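*Asks:* These protein sequence lines map, in sequence, to chains V and S.
If you want the numbering used here, it's the 1-based position in the first sequence plus 155.
If you want the numbering used here, it's the 1-based position in the second sequence plus 38.
Got a structure here, written out as structure tokens. Questions coming.
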Amino acid sequence: MHCLSCDFTKATGVDKIFFIDPKATDGMDGIQTQVQQRRVVIPGDRIPLNLEAQEGGAPKVRAGPGLQQDGGELIAVKPGCIKHGNGNKFWVDGSQKRYVPAVGEPVLGTITGKFAESYKVDIGSAHPAMLPVLAFEGASRKNRPMLDVGALVYCRVAVANKDMEPELECIAPSSGKSGGYGPLKNGFVVRCSSRMARSLLDPKNPILLRLAEAFSFEMAVGLNGRVWFNADTVAQVIAATKAIQACDGAAAADHLRHVNAELRILEGIDM
Amino acid sequence: MDTKQVKSLSTGTMALKFMNRAQEQEVRKKLEEEQKRAQEEAKWILGDLDLDDVDTVEFQFDNSHIPFLDSTFGRKSFGNYNKEVETMSEEARNAERLRIAEENEKRESVSDFEMVNRYHQIRGETTPVDGTKRKRRAAATESPTSRLSAVSNAEPPSKKRSPAAPVTTDWNDMRGRQATRFMSLAPTSRETPPAQRGFIKPQ
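The structure is reproduced here in structure tokens:
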């Protein structure tokens with residue numbers, strides 16, 4: 156079956172469309188997803204809904220990105236694997252390199268401009284994003300964060316419309332404290348696909364666990380396809396970034412092999 | 039000369055305009071109803087095409103992956119590289135686990151209304167409990183319910199009054215609106231038999 160999207164073929168492999176491997180996991184099997192078998196969909200496919208019984212009249216279905224409603228059914232509009240979670244949740248786990256901002260997602264941005272009341276931040280979306288100067292922990296008119304053009308910030312999308320420029324904030328909305336957001340110093344940023352970024356959010360990701368066995372490091376994952384690493388030595392940071400780049404788009408069974416290869420190179424350098 | 043006992047008002051009095059206001063209102067109401075009915079019939083609406091009332095599914099669309107991911111805390115630290123981040127991520131993970139456990143429990147447990155409905159079905163009672171006893175009673179009374187009457191109607195019925203007896207406020211009552219406001223609160227004269235009243239009328 157010839158697929159037009161190169162990203163899609165690279166992710167799943169042309170010969171794997173008809174091959175269902177129930178044992179293959181891609182690090183996404185968290186508490187919510189129950190992947191019994193991998194089902195690949197392309198735009199136009201109708202999704203059979205095996206709904207859980209729910210009290211009250213009509214069953215409620217939560218449809219995520221990549222799905223649209225047609226009559227009483229869901230059809231896929233993005234290529235990828237259809238995933239099903241507890242509580243009638245359906246979404247398409249697709250991969251793309253372009254970022255479409257959505258509210259609540261953590262993103263990694265670079266400051267490209269400074270204005271009186273805000274910063275202009277590049278997060279890889281169609282429009283450059285706006286980060287208000289007061290959207291930092293403990294910020295006030297007298298106490299402004301000192302960020303230069305070119306600085307890296309880890310922030311959260313506060314407002315996102317497809318026609319307007321997105322707005323960011325560097326505080327967690329519930330607590331008003333930074334919650335991990337804010338400027339990042341040192342380290343290195345690696346670009347990856349959106350599916351890779353989402354799988355890196357999982358705390359039990361096998362790539363990260365294998366890297367953590369070798370050395371200690373810290374990282375920040377942006378759902379706009381940018382991941383930041385920081386470690387003691389430059390060689391370690393490079394090993395981590397090369398591991399991510401190699402695993403991006405590779406089959407889940409090959410992830411560990413790539414990471415081990417990078418770590419062997421690292422050991423060779425550290426000798 | 040003995041005065042004539044006035045048993046009823048004269049026709050001249052009855053013909054006065056303010057004596058016929060109630061009747062005029064009734065006639066006006068009927069006319070309005072007819073007009074409204076004519077208007078409703080003149081409008082047409084597109085019926086529900088191919089929709090089964092029983093089988094409709096409610097869809098809720100989300101643009102972002104956040105509700106479909108287990109954890110959305112993106113800062114991580116391994117091997118104590120950054121202690122603050124490690125404690126924060128641990129807290130976020132606990133909060134996330136709690137949220138998912140609560141969601142699962144809410145989904146799998148049966149709500150109170152559903153339980154009561156099931157008991158009603160088992161015992162063979164026909165009235166379903168929809169959790170709005172007040173609304174049902176308010177609908178039954180069919181009156182422009184003030185809040186007071188709604189509160190009083192929510193009390194359990196006394197043994198003497200039948201549950202289906204509506205407490206109607208007759209706005210055309212000559213006593214006026216102010217007096218009828220508390221009519222539903224006061225015990226009706228029907229309830230207390232004459233023998234129990236304090237004052238016995240002399241025969």
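Ideal Cβ positions, reconstructed from N, Cα and C, are used throughout, including at glycine.
Computed from a predicted model, the values in this text were never measured in an experiment.
Output the distance between the C-alpha atoms of Q61(S) and A53(S), rounded to the nearest integer angstrom.
*Replies:* 12 Å
*Asks:* In chain V, what lies closer than 8 Å to Q159(S) by C-beta?
*Replies:* Ordered by position in chain V, no residue passes the 8 Å Cβ test against Q159(S), which lies about 14 Å from the chain.
*Asks:* Could you check whether the Cβ of D100(S) sits closer than 7 Å to any Cβ belonging to chain V?
*Replies:* yes
*Asks:* Below 7 Å between beta carbons: does that hold for L421(V) and A390(V)?
*Replies:* In this structure, the beta-carbon distance from L421(V) to A390(V) falls below 7 Å.
*Asks:* Within a Cβ cutoff of 6 Å, which residues of the same chain sit near R201(V), ignoring the five residues on either side of it in sequence?
*Replies:* E228 and I230
*Asks:* The alpha helix (DSSP H) with P361(V) in it runs from where to where?
*Replies:* Counting along the chain, the alpha helix (DSSP H) containing P361(V) begins and ends at P361 to A369.
*Asks:* Listed from N- to C-terminal order along the chain, which residues in the stretch 209-235 of chain V have their beta-carbon within a distance smaller than 7 Å of any beta-carbon of chain C?
*Replies:* Of the protein chains in this structure, namely V and S, none is chain C.
*Asks:* How big is the Cα-Cα spacing for P300(V) and S354(V)?
*Replies:* 32 Å
*Asks:* Locate the beta strand (DSSP E) running through N385(V), then write down its first and last residues.
*Replies:* R381 to A386
*Asks:* Would you decide whether G182(V) is buried or exposed? Buried here means 16 or more other CB atoms lie within 10 Å of its CB.
*Replies:* With a pLDDT of 43 at G182(V), under the threshold of 50, the predicted position of this residue should be treated as unreliable, though the coordinate-derived value follows. It counts as buried.
*Asks:* With distance defined between alpha-carbon atoms, name the residue in P203(V), M319(V) and G240(V) nearest to P283(V).
*Replies:* M319(V)
*Asks:* The beta strand (DSSP E) with D277(V) in it runs from where to where?
*Replies:* S273 to D277
*Asks:* Could you name the residues of chain V that M126(S) contacts, counting a contact when the two beta carbons are closer than 8 Å?
*Replies:* G334 and G335
*Asks:* Taking only beta-carbon positions, decide if S147(S) is within less than 7 Å of chain V.
*Replies:* no
*Asks:* Please report the residue range of the beta strand (DSSP E) in which L307(V) lies.
*Replies:* L307 to V314
*Asks:* Run through DSSP, which three-state label would I399(V) get?
*Replies:* DSSP places I399(V) within a helical segment (H, G or I) once states are collapsed to three.
*Asks:* Below 7 Å between beta carbons: does that hold for Q63(S) and R217(V)?
*Replies:* no
*Asks:* Near L385(V), what residues of its chain come up, given a Cβ to Cβ distance below 6 Å and the 5 sequence neighbours on each side ignored?
*Replies:* For clarity, residue 385(V) is Asn in the given sequence; the question names Leu instead. So the qualifying residues of the chain are N341, G342 and E373.
*Asks:* State the DSSP-derived secondary structure class of V392(V), mapped to helix, strand or coil.
*Replies:* helix
*Asks:* Do you know how far the Cα of E71(S) is from the Cα of N58(S)?
*Replies:* 20 Å
*Asks:* Using only CA atoms, which one of E129(S), V123(S), S102(S) and I138(S) lies nearest to K114(S)?
*Replies:* Among E129(S), V123(S), S102(S) and I138(S), the Cα nearest to that of K114(S) belongs to V123(S).
*Asks:* Grab me the residues of D403(V)'s own chain with a C-beta within less than 6 Å of its C-beta, minus the 5 sequence neighbours each way, in chain order.
*Replies:* C347, S348 and M351
*Asks:* Could you tell me which whole beta strand (DSSP E) segments of length 3 or greater appear in the stretch 52-104 of chain S?
*Replies:* 96-99
*Asks:* Can you tell me the Cβ-Cβ gap for P361(V) and L411(V), rounded? I've got them flagged as a contact below 8 Å.
*Replies:* 6 Å
*Asks:* Between the stretch 242-262 of chain V and chain S, which residues of the former have CB atoms less than 7 Å from a CB of the latter, in chain order?
*Replies:* G242, K244, W246, A257, V258, G259, E260 and P261
*Asks:* In this structure, how does DSSP classify R156(S) when only helix, strand and coil are distinguished?
*Replies:* helix
*Asks:* Check each residue of the stretch 338-361 of chain V: if its Cβ is closer than 7 Å to any Cβ of chain S, include it; give the result in chain order.
*Replies:* With the criterion set as a beta carbon lying under 7 Å from some beta carbon of chain S, the members of the stretch 338-361 of chain V are R353, L356, D357 and P358, in sequence order.
*Asks:* What residues of chain S sit near A367(V), judged by a beta carbon separation below 7 Å?
*Replies:* A367(V) reaches chain S at F116 and G117, counting residues in chain order whose Cβ is nearer than 7 Å.
*Asks:* Please return the same chain residues whose Cβ sits closer than 7 Å to the Cβ of L206(V), not counting the five positions on each side in sequence.
*Replies:* P214, V216 and N243
*Asks:* By how many angstroms is the C-alpha of G259(V) removed from the C-alpha of Q135(S)?
*Replies:* For the record, residue 135(S) in the displayed sequence is Arg; it is not Gln. The straight-line gap from Cα to Cα measures roughly 19 Å.
*Asks:* Could you please give the first and the last residue of the uninterrupted beta strand (DSSP E) stretch that includes K144(S)?
*Replies:* That residue, K144(S), is in no beta strand (DSSP E); its alpha helix (DSSP H) goes K121 to E146.
*Asks:* Measuring only the C-alpha atoms, how far is L47(S) from F56(S)?
*Replies:* 14 Å
*Asks:* To the nearest angstrom, report how far apart P256(V) and L378(V) are at their CA atoms.
*Replies:* 9 Å
*Asks:* Let me know the secondary structure DSSP gives G235(V) once reduced to three states.
*Replies:* Reduced to three states, the DSSP call for G235(V) is strand.
*Asks:* When the Cα atoms are used, what is the spatial distance from I393(V) to R311(V)?
*Replies:* Distance between the alpha carbons of I393(V) and R311(V) is about 26 Å.
*Asks:* Need the endpoints of the alpha helix (DSSP H) that I424(V) sits in, please.
*Replies:* H410 to D425
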